[in-house]
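Step one of this worksheet: look at the structure below.
In full-length UniProt numbering, the protein residues as written are 1 to 85.
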């Protein structure tokens with residue numbers, strides 16, 4: 001009777017080890033040595049996309065301001081030409 005119990009305990013131990021460390025265990029429990037997680041964004045100034053959007057918006061504002069100044073100069077030149085004629 002003791003031998004049967006011992007064999008059953010060994011079989012149970014092998015089965016538990018197989019479940020814990022056998023093929024497919026990383027899918028169930030996650031990898032033991034997984035890839036390092038990407039660095040967490042701590043603030044908006046750490047987020048590359050956020051910084052890129054700020055730079056893009058500043059560029060658009062500069063372009064709009066330059067365009068407005070150019071139009072203003074052209075309008076002033078037209079007025080001067082009309083006044084001179």
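The beta carbon of each residue, even a glycine, is placed where N, CA and C say it ideally should be.
Reduced DSSP category for residue i - H, G, I as helix; E, B as strand; rest coil
i, result
"residue 16", "helix"
"residue 2", "helix"
"residue 56", "helix"
"residue 38", "coil"
Cut-off 7 Å between Cβ atoms - residues of its own chain near residue i, not counting five sequence neighbours on either side
i, result
"residue 7", "none"
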